[in-house]
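Top to bottom, those sequences are chains A and B.
Counted the way the numbering used here counts, the first sequence spans residues 90 to 273.
Counted the way the numbering used here counts, the second sequence spans residues 90 to 273.
Working notes for the structure below.
There are 2 protein chains.
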Amino acid sequence: MRETGVKDRILETASRLFYDQGYNQTGINQIIDEADIARASLYHHFPSKTDLLLAYLDRTHELWFGELETYMQPIAGARERLLALFDFRVRRQLKLKYKGCHFNKIVAETCEDQQVFDRVRAHKDRFRRYIHDLVRQTDHRKLLDDETLTETLFLLLEGAIAMGAMYRSPDYVEKAKRIAGSFL
Amino acid sequence: MRETGVKDRILETASRLFYDQGYNQTGINQIIDEADIARASLYHHFPSKTDLLLAYLDRTHELWFGELETYMQPIAGARERLLALFDFRVRRQLKLKYKGCHFNKIVAETCEDQQVFDRVRAHKDRFRRYIHDLVRQTDHRKLLDDETLTETLFLLLEGAIAMGAMYRSPDYVEKAKRIAGSFL
DNA sequence: GAGTAAGTAGACAGACTTGTCTATTCGGTT
DNA sequence: AACCGAATAGACAAGTCTGTCTACTTACTC
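Given below as structure tokens:
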């Protein structure tokens, strides 16, 4: 850990704890201990816990799409890419121990903070656009128009991730993939 | 408030606060103040905050299906009933100010408690069975088999409720209803 | 009338919370 | 050599958290 800079170490540690334990159940003291930094260093880089939360959302957003790009890079064909979205999520579930969507979790436990909402919505909007772009590139079965198919895939995925968090299982995302396949 | 019994008043107040503010952001002291009861009365009926949480989940489960039965009672026809599920959820969103699914929220902010998981899963399992029973009674378009259609409707609803909580809007459940209509 | 369960009021413990403050050190840059 | 940003260690404030405890009252039952 000691190689990376202090600010990065704070944000990495906070991110891990916020996701694993929950934002409200993670205290500043625990972050300080586990990141092995001084109290004043944390407050130097992040004046309040809320600032740390916003930085966590920004970082997670960046990492999320970064990992998505990496995963999708070798996959050819819009239809295959749409189906690969489900595989990507299953792989993430496994890695993250089925604790669900970072953004959903934060919305569920923080009350009505506009800056939080803005970031969460920006993330979901971008993912929906990502799906939409792929849908337009496919010549799917036209059971649904492009917009409706986009929304269907998006909602299936969101629902499946939420259920995956409740049942700690990849079954729902896998089912959602099969359902998606029948529309494509 | 003073008419109802003490235990009920505690549970009603705790339920409201747990949902509106979040479980971790609601302290025992606030429940005591707002329910207007003595500290010892709370600990008499609910030995710990966790007991109160479990009672909240049980109560919410009972109320949820009670309200569903009431809503569905005048609606005839399995197809109409399936579509009415979406209307039921929209009505709840409006009443609850779009804060999402009670059970999802609790899973998102409590860590790995088996008793919590059991209750949350029991709730979702029962709702899925409810949908399945209706699906079997319809002669739908057979684009999907009964089990797959059930899962599709279930996941669309769950995803739409989650998005409704992020965007504080009924749009997603309404879109999900239109999508559902095209399979029925 | 005695006994019991359910209620009230409030003090208290002990731990934890976020955030501030002082004092000091280290490593560059001017 | 002087300065400065970034880091360290740790005390501290002021509040909150859950849960326990004592002492007392009320209401109902045997």
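Just so you know, even glycine gets a beta-carbon here, dropped at the ideal spot from N, CA and C.
Checklist entry - Considering only C-alpha positions, which residue in the set B/F107, B/H191, B/E151, B/E236 is nearest to B/R225? => result Within the second sequence, numbered from 1, the residue matching residue 225 of chain B stands at position 136. The shortest C-alpha separation from B/R225 is found at B/E236.
Next on the checklist: So, with DSSP's three-state summary, where would you put B/M90?
Outcome noted: Here residue 90 of chain B refers to the residue found at position 1 when the second sequence is read from its first residue. Unreliable positioning characterises B/M90 in this predicted model, as indicated by a pLDDT of 33, which lies under 50. A coordinate reading is not provided.
Item to check | Short CB-CB distance (under 9 angstroms) between B/Q182 and chain A | outcome: One-based indexing of the second sequence puts residue 182 of chain B at position 93. Judged by the 9 angstroms Cβ criterion, B/Q182 is not in contact with chain A.
Next on the checklist: Taking the beta carbon of B/T241 as the centre, do at least 16 other beta carbons fall within 10 Å, making it buried, or is it exposed?
Outcome noted: In the second sequence, residue 241 of chain B corresponds to position 152, counting from 1. Classification for B/T241: buried.
Checklist entry - Which whole runs of the alpha helix (DSSP H) in the segment 199 to 253 of chain B are 4 residues long or more, in chain order? => result 203 to 226
Item to check | From A/R128, A/N193, A/H229, residue whose alpha carbon lies closest to that of B/M252 | outcome: Sequence index remark: in the second sequence, residue 252 of chain B carries index 163 (1-based). Selected option, being the one with the closest Cα: A/N193.
Checklist entry - Taking only beta-carbon atoms, is B/E247 less than 9 angstroms away from chain A? => result Translated into the one-based positions of the second sequence, residue 247 of chain B becomes position 158. Closer than 9 angstroms: yes.
Checklist entry - Nearest-angstrom Cα distance between A/T239 and A/T227? => result The sequence position of residue 239 of chain A within the first sequence is 150, counting from 1. The sequence position of residue 227 of chain A within the first sequence is 138, counting from 1. Using only the alpha carbons, I get a separation of about 11 angstroms.
Checklist entry - Listing by chain order, which chain A residues have their CB less than 7 angstroms from the CB of B/R215? => result What you label residue 215 of chain B is simply residue 126 of the second sequence in a count that begins at 1. Neighbours of B/R215 on chain A: none; closest Cβ ~13 angstroms, over 7 angstroms.
Checklist entry - Which residues, in chain order, does the segment 192 to 210 of chain B contribute to contact with chain A at a C-beta distance below 7 angstroms? => result N193, K194, V196, A197, E198, C200, V209, R210
Checklist entry - Between which two residues does the alpha helix (DSSP H) carrying B/Y281 extend? => result Here chain B has residues from 90 to 273 only, and residue 281 of chain B is not among them.
Item to check | When B/I250, B/K231, B/D109 are compared against B/G325, the one with the closest alpha-carbon | outcome: Residue 325 of chain B is absent from the model: chain B starts at 90 and stops at 273.
Item to check | Under 7 angstroms (Cβ pairs) to chain A, residues found in the segment 98 to 114 of chain B | outcome: Q110, G111, N113, Q114
Next on the checklist: Can you confirm whether B/K264, when its beta carbon is compared against all beta carbons of chain A, has any partner nearer than 9 angstroms?
Outcome noted: Locating residue 264 of chain B in the second sequence gives position 175, where the first residue counts as 1. Yes, its Cβ sits closer than 9 angstroms to a Cβ of chain A.
Item to check | Boundaries of the alpha helix (DSSP H) in which B/R168 is found, first to last residue | outcome: Within the second sequence, residue 168 of chain B is the residue found at index 79, counting from 1. 167 to 185 is the extent of the alpha helix (DSSP H) around B/R168.
Item to check | Close-in-space but distant-in-sequence residues of the same chain around A/H229 (CB under 6 angstroms, 5 per side omitted) | outcome: As a working mapping, residue 229 of chain A is identified with position 140 in the first sequence. Within the same chain, A/H229 has close Cβ partners L273.
Item to check | 9 angstroms Cβ cutoff, A/M161 in contact with chain B | outcome: For the purposes of this step, residue 161 of chain A is taken as the residue at position 72 of the first sequence. False, the Cβ-Cβ gap to chain B never drops below 9 angstroms.
Item to check | Beta-carbon proximity of B/R168 to B/S104, cut-off 9 angstroms | outcome: As a first step, residue 168 of chain B is located in the second sequence; it is residue number 79 there, counting from the start. As a first step, residue 104 of chain B is located in the second sequence; it is residue number 15 there, counting from the start. Not closer than 9 angstroms, so no.
Next on the checklist: Taking its Cβ as the centre, do 16 or more other Cβ atoms sit within 10 Å of A/G189, making it buried, or is it exposed?
Outcome noted: Against the first sequence, residue 189 of chain A aligns to sequence position 100. Buried.
Item to check | Candidates B/D260, B/F175, B/L143, B/V95: closest to B/F274 by CA position | outcome: For chain B, the structure presents residues 90 to 273; residue 274 of chain B sits outside this window and is missing.
Item to check | chain B within 9 angstroms of A/G189, Cβ atoms only | outcome: Within the first sequence, the letter at position 100 stands for residue 189 of chain A. By this cut-off, A/G189 is an interface position.
Checklist entry - Is it true that the CB of B/Y256 sits closer than 9 angstroms to the CB of B/Y160? => result Position 71 of the second sequence holds residue 160 of chain B. Position 167 of the second sequence holds residue 256 of chain B. Not closer than 9 angstroms, so no.
Next on the checklist: Just to make sure I have the definition right: I need the residues of chain A whose C-beta is within less than 7 angstroms of the C-beta of B/E240. Which are they?
Outcome noted: Mapped onto the second sequence, residue 240 of chain B falls at position 151. In chain order: K264, I268.
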